[in-house]
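Asks: Counting in the working numbering, the sequence shown runs from 5 upward without gaps. C-beta atoms are modelled at their ideal positions from N, C-alpha and C, and glycine is treated no differently.
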Amino acid sequence: MDFRFQIVGLFGAPVAENPTGVMVEAAFRDLGLRWHYLPMDIAPADLPAAVAGARAMGFRGFHCTIPHKVAVADLLDEFGQSAALMRTVNCVVRQGDRLVGENTDGKGLLMALDEPVAGRSVSVLGAGGAARAICFELALAGVSRLSISNRGADRATALLDLLANRLPASMRAGLQVELLPWDGRHAVRPGSDIVVNATSMGLFPAVDERPEPDLSALRAGAIACDVVPNPPDTAFLRAARDSGCRVVDGLEMLVMQGALSVELWCGERPSLPVMRAALAEAFRDAAPEASARAAMPSPG
Ligand code: NDP
């Protein structure tokens, strides 16, 4: 008999409002695994001790959320390809006695898209942490053009510089990256195949907020994605659907990045319907006052 549990967790501050554990625990139960996911509030100054503790106690891995996604990189042994390039980690995986940093945020979007993106032209609205992960992952997947539009010029320029300085030269050769001007609203490159809302506009409780680019400029039948998971049917996606776009919502992205984390940790592929249902139920049950608590600043 072995009465132990395998432990993974979430390191962040705050973590109380992050619902990732709901879907991850549901996945473990469904797989019949004696694993648990522990959300832990960790102040920035305590992060080194927390990572050392995770090593000492044999944690199988942990998610990192705000404010640890960048700082944790200095405490790890190895990195997956995209995490190494962007030096931003949202998922740590134990391999033997090594801690490996991965980033599943952008991969979650690619999985939710569920079609090849190589050669496509993508307009990304926003330049924060989610936009960064998405841009790197799209670049690694071989898109031909990334057009970035952000309200604040500083963050937009920083993301452009990061892509220019960190992507391998072989990858930069086939990729055009540009900043589109902000004139009070986000812009898209005419003829884009895909547009991604990577801002937090529309996140509960600001459900009526949305970026307002000229969606008629997109290629006919373009795909519109939103990172906002709660509510999943955002004002941006409703407008995109009305313009004839296929839409991909942020709940699906969140489920996909969570499923990827579970697979990285335990080597088994979790049930997507089980994870989707657990998360949707958590959001549904948390209404209306508590649903503010279910809305995450930065899940995963
Ligand atoms: P950041 O704070 O790093 O970035 C926020 C972005 O939104 C910035 O580009 C910011 O622009 C923009 N923004 C916010 N409010 C406005 C506004 N009123 N008008 C114009 N632009 C605005 O946050 P993250 O990138 O970490 O998170 C963004 C969203 O992604 C959140 O809703 C989060 O929940 C979601 N997310 C979803 C995931 C998923 O799996 N579905 C995974 C990770 C994140 P500026 O620079 O000008 O301030």
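DSSP state of residue 201, grouped into three classes?
Replies: In this structure, residue 201 counts as strand in the three-state DSSP scheme.
Asks: What are the start and end residues of each continuous beta strand (DSSP E) run of 3 or more residues lying completely inside the region 187-275, in chain order?
Replies: Complete beta strand (DSSP E) runs here, min 3: 198-201, 227-230, 250-252.
Asks: Return the CA-CA distance between residue 146 and residue 225, expressed in angstroms with no decimal places.
Replies: Their backbone Cα atoms lie some 21 Å apart in a straight line.
Asks: So what does DSSP say about residue 152, is it helix, strand or coil?
Replies: The answer is strand: DSSP assigns residue 152 an E or B state.
Asks: Under the three-state reduction of DSSP, which class applies to residue 71: helix, strand or coil?
Replies: In the structure shown, residue 71 sits in coil (DSSP, three-state: anything other than H, G, I, E or B).
Asks: Is residue 46 helix, strand or coil by DSSP?
Replies: Note: residue 46 maps to coil in three-state DSSP.
Asks: Once you ignore the five residues that flank residue 137 on each side, which residues in its own chain have a CB closer than 7 Å to its CB?
Replies: Within the same chain, residue 137 has close Cβ partners 90, 92, 107, 109, 110.
Asks: Decide if the region 182-190 is in contact with the region 151-164; the criterion is three or more beta carbon pairs, one per stretch, under 8 Å apart.
Replies: At 8 Å Cβ cutoff, the stretches touch.
Asks: Going by the CB atoms, is the gap between residue 62 and residue 102 shorter than 9 Å?
Replies: For residue 102 and residue 62, no; Cβs fall outside 9 Å.
Asks: If you drop the 5 nearest sequence neighbours on each side, which residues of the same chain put their C-beta closer than 6 Å to that of residue 250?
Replies: Correct list, in chain order: 227.
Asks: Could you tell me if residue 169 is buried or exposed, where buried requires 16 or more neighbouring beta carbons within 10 angstroms of its beta carbon?
Replies: Classification of residue 169: exposed, given that the 10 Å Cβ count is below 16.
Asks: Residue 205 to residue 74, Cα distance in whole Å?
Replies: Cα to Cα, the separation comes out at about 23 Å.
Asks: Three or more C-beta pairs closer than 8 Å, one from the region 40-50 and one from the region 66-81: is that the case here?
Replies: Segments in contact, yes.
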